[in-house]
Amino acid sequence: MVSINQLTVDFGGHKLFEEITFLINNKDRIGLIGKNGAGKSTLLKIIAGLQEATSGNVSMPKGLKIGYLPQHMKYTDTRSVVEEVELAFAELKGLEQQITDINNEIAERTDYESESYMALLDKLNEKNERFNLLGGANHEALIETTLKGLGFERSDFSRNTGEFSGGWRMRIELAKILLQQPDIFLLDEPTNHLDIDSIQWLEDFLKTYSGAVVLISHDKAFLDNITKRSIEISLGRIYDYKANYSKFIELRKERREQQINAFKNQQKKIEDTEKFIERFRYKATKSVQVQSRIKQLDKLDRIEVDEFDNAALNIKFPPAPRSGAVVVGGESVTKSYGELLVLDDVDITIERGEKVAFVGRNGEGKTTMARIIMSELAHQGKLNIGHNVKIGYFAQDQAERLDDNHTVFDTIDVVAVGDIRTKIRDLLGAFMFSGEDVDKKVSVLSGGERTRLAMVKLLLEPVNLLILDEPTNHLDMRSKDILKQALRDFDGTVILVSHDREFLDGLVDKVYEFRHRKIKEHLGGIYEFLEKKKLENLNDLNASIASKKKDSPKQEQSKAKLSFEERKELNKKIKKAERQVEACESNIADFELKLGELTEQINKPENASDQSLFVAYKDAETALEKEMENWELAQESLEQLVKQKNELD
Numbered sequence: 003m004v005s006i007n008q009l010t011v012d013f014g015g016h017k018l019f020e021e022i023t024f025l026i027n028n029k030d031r032i033g034l035i036g037k038n039g040a041g042k043s044t045l046l047k048i049i050a051g052l053q054e055a056t057s058g059n060v061s062m063p064k065g066l067k068i069g070y071l072p073q074h075m076k077y078t079d080t081r082s083v084v085e086e087v088e089l090a091f092a093e094l095k096g097l098e099q100q101i102t103d104i105n106n107e108i109a110e111r112t113d114y115e116s117e118s119y120m121a122l123l124d125k126l127n128e129k130n131e132r133f134n135l136l137g138g139a140n141h142e143a144l145i146e147t148t149l150k151g152l153g154f155e156r157s158d159f160s161r162n163t164g165e166f167s168g169g170w171r172m173r174i175e176l177a178k179i180l181l182q183q184p185d186i187f188l189l190d191e192p193t194n195h196l197d198i199d200s201i202q203w204l205e206d207f208l209k210t211y212s213g214a215v216v217l218i219s220h221d222k223a224f225l226d227n228i229t230k231r232s233i234e235i236s237l238g239r240i241y242d243y244k245a246n247y248s249k250f251i252e253l254r255k256e257r258r259e260q261q262i263n264a265f266k267n268q269q270k271k272i273e274d275t276e277k278f279i280e281r282f283r284y285k286a287t288k289s290v291q292v293q294s295r296i297k298q299l300d301k302l303d304r305i306e307v308d309e310f311d312n313a314a315l316n317i318k319f320p321p322a323p324r325s326g327a328v329v330v331g332g333e334s335v336t337k338s339y340g341e342l343l344v345l346d347d348v349d350i351t352i353e354r355g356e357k358v359a360f361v362g363r364n365g366e367g368k369t370t371m372a373r374i375i376m377s378e379l380a381h382q383g384k385l386n387i388g389h390n391v392k393i394g395y396f397a398q399d400q401a402e403r404l405d406d407n408h409t410v411f412d413t414i415d416v417v418a419v420g421d422i423r424t425k426i427r428d429l430l431g432a433f434m435f436s437g438e439d440v441d442k443k444v445s446v447l448s449g450g451e452r453t454r455l456a457m458v459k460l461l462l463e464p465v466n467l468l469i470l471d472e473p474t475n476h477l478d479m480r481s482k483d484i485l486k487q488a489l490r491d492f493d494g495t496v497i498l499v500s501h502d503r504e505f506l507d508g509l510v511d512k513v514y515e516f517r518h519r520k521i522k523e524h525l526g527g528i529y530e531f532l533e534k535k536k537l538e539n540l541n542d543l544n545a546s547i548a549s550k551k552k553d554s555p556k557q558e559q560s561k562a563k564l565s566f567e568e569r570k571e572l573n574k575k576i577k578k579a580e581r582q583v584e585a586c587e588s589n590i591a592d593f594e595l596k597l598g599e600l601t602e603q604i605n606k607p608e609n610a611s612d613q614s615l616f617v618a619y620k621d622a623e624t625a626l627e628k629e630m631e632n633w634e635l636a637q638e639s640l641e642q643l644v645k646q647k648n649e650l651d
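Numbering (my numbering), first residue to last: 3 to 651.
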């Protein structure tokens, strides 16, 4: 479907990748893998046609529709959420107008036997098929399903997009792309601004999508659940595996081990051959053998071991000073932003050494609670910070808070005090800022580099409570693994606001779920919480079904008292609904009879130029369609009323 041919990208003498070639097939689920700066986002932009390569090309069928979601966007829209998302149906709206125009033209034509008239009918059929394929009249339901799946409430639909944060604006853009139903999705870190519920919804959507998906993500669980093929970009080359991320890691390790063994065996053989040549080079009796061995070496296909980028983050948090047993204690904590109530009378207790996750949908108060603990926000209720608690805080926008005009070195130099000032370069080197990197301006750093630099600032003084708000958003896989290990080894207390299931797995031992302005405590890890939540949702559903089937004795008595009045009222409604159905059926019969009569009139040669007949026919046809809709609604209402009566009986 899409062919990437001998693609090379050269930035000022540095080749990001060189002569890479691969195919994207119709139903591929590809994960683009590689460290930050390897060229993943650049490759997506080139495929999307937004950037040119130094050499090589990307070829694809004409008319192929691409849905591209960049990692960073600038927003200028001022529409409501629904109006903005409806832009995804620009083609559908255009088709709707074309269908109307063709119908109007058909109504005016009289040359029913001509080739052009038949071609017009074929064109109408083609447009109708495409209209239905794109969702047709069902597009409003598709919009609602998609927006709800991505975490929006119905009350959000009419709000202006300018009222939403960047993360929510990204969701709106993602909704538009999903609704466009492209032939190929190019998604650059789509989960960065999604909560766990929305990520799981997106997983289900993409797993069953009929087109191709090329995905950049540092969310291991997300990649494993969607992709079936992994393409790694490393040191300018690509390595293509028909496997998801976890399997790819295993296969890459096995391949490298096999290469190393084969390389060692070949080197031993080369060494022995060279020794033979050197030993007998000048002996006439061995000249034939020597020449034969020289030719063997010349023809030998030398084994190369894949280069492996071993640069990795080295994090070790300073030892935590001892704090009191209760690090955070909150009672009846309440927080409002104007009329918007975010936290309502919640209690929270975090003890020394606990590693806790804050999870829940965006806007449910996770970051608000983190900022309350940091004493950054006023609130109602009590919240006490324990004895000798020293807090280190990594805000969700910490990387964006850095001064763009400072260099990497200056960013740390201005906040470092004491002996650490003599070790700034060593500290930056541990975070993969070495050599000339320390002189780079912050403004030119990638998202991952900015996150790493912000993390350096966090290490400048010993703390015993780390509050990290989405710390992994721009970190690559290896950096996340090393940060996770460092947090495991940290002997203080940790609060993690995160949607990254794989990162939280094996790290946290308690989960606080934020939902509907309340907080619910769950003991155990993140996957235990998700399983328990799934089970609770199922139990709630079963309980709801059971309660409808079997009410409590008191409810049964109440029902018995009300049943006579209810039956009386229901019987009235049923009779009324039956009359509506009968009236609709009578009207439908009249319109069908009228259409039959008009058809007979139109087919008479003497009426071929009578435009009023065609107008009357179209009006009757429209009225019939409307009456059919009325009949469906009336019939549905009648069925529901009868069902309700049967349940009472």
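For every residue, glycine included, the Cβ atom is placed at its ideal position computed from N, Cα and C.
Owing to the predicted nature of the structure, the values given are computational and were not obtained by experimental measurement.
- Relative to Ile350, the option among Glu631, Tyr247 and Glu523 whose CA is nearest is Glu523.
- Between the segment 504-517 and the segment 358-365 there are three or more inter-stretch CB-CB distances shorter than 8 Å, so the stretches are counted as touching.
- Annotation for Asn127: the continuous alpha helix (DSSP H) segment containing it runs Glu117 to Leu135.
- By the Cβ test, the segment 234-248 is not in contact with the segment 261-270, since fewer than three Cβ pairs between them sit closer than 8 Å.
- For Tyr211, the secondary structure class from DSSP, reduced to helix, strand or coil, is coil.
- Using a Cβ distance threshold of 8 Å, Leu45 and Leu34 count as a contacting pair.
- Excluding residues up to 5 positions away in sequence, Pro192 and Leu196 lie with their Cβ nearer than 7 Å to the Cβ of Leu204 in the same chain.
- Gly494 sits away from Ala359, with the two beta carbons spaced by 8 Å or more.
- In this chain, the alpha helix (DSSP H) harbouring His141 covers His141 to Gly151.
- By alpha-carbon distance to Leu217, the top candidate from Glu234, Phe187 and Phe411 is Phe187.
- Of the other Cβ atoms in all chains shown, fewer than 16 fall within 10 Å of the Cβ of Lys29; this residue is therefore exposed.
- In this structure, the beta-carbon distance from Leu477 to His220 falls below 8 Å.
- For Leu342 against Phe396, the beta-carbon gap comes to about 26 Å, at or over 8 Å, which does not count as contact.
- Apart from the 5 residues on each side of it in sequence, Leu122 sits with its Cβ closer than 8 Å to the Cβ of Ile104, Glu107, Ile108 and Arg111 in its chain, given in chain order.
- Note that the C-beta distance between Ile352 and Ile497 is below 8 Å.
- For Ala359, the secondary structure class from DSSP, reduced to helix, strand or coil, is strand.
- Each residue's CA atom was taken as its position, placing Gln646 and Gln637 some 14 Å apart.
- When secondary structure is reduced to three states using DSSP, Phe154 falls in the coil class, being assigned neither helix nor strand.
- For the pair of segments examined, the segment 165-182 was found not to touch the segment 117-132: the number of CB pairs separated by less than 8 Å stays below three.
- For Asp185, the three-state secondary structure derived from DSSP is coil.
- If you ignore the 5 residues before and after Leu470, its C-beta comes within less than 6 Å of the C-beta of Phe396 and Leu498, all in its own chain and listed in chain order.
- Separation of Asp300 and Glu273 (C-alpha to C-alpha, rounded to the nearest whole angstrom) is 14 Å.
- Residues of the same chain with a CB within less than 8 Å of the CB of Leu379, apart from the 5 flanking positions on each side, are Lys337, Thr370 and Arg373 in chain order.
- Residue state for Thr78 is assigned as coil, using DSSP reduced to three classes.
- Taken through DSSP and simplified to helix, strand or coil, Ile414 comes out as helix.
- CA-to-CA, the gap between Glu623 and Ala591 works out to about 12 Å.
- Distance from Arg171 to Gly153 at the Cβ level is roughly 13 Å; contact not present, criterion being Cβ atoms closer than 8 Å.
- Where Asn7 is concerned, the enclosing beta strand (DSSP E) starts and stops at Val4 to Phe13.
- In this structure, Ser61 keeps its C-beta atom at 8 Å or more from the C-beta atom of Ser116.
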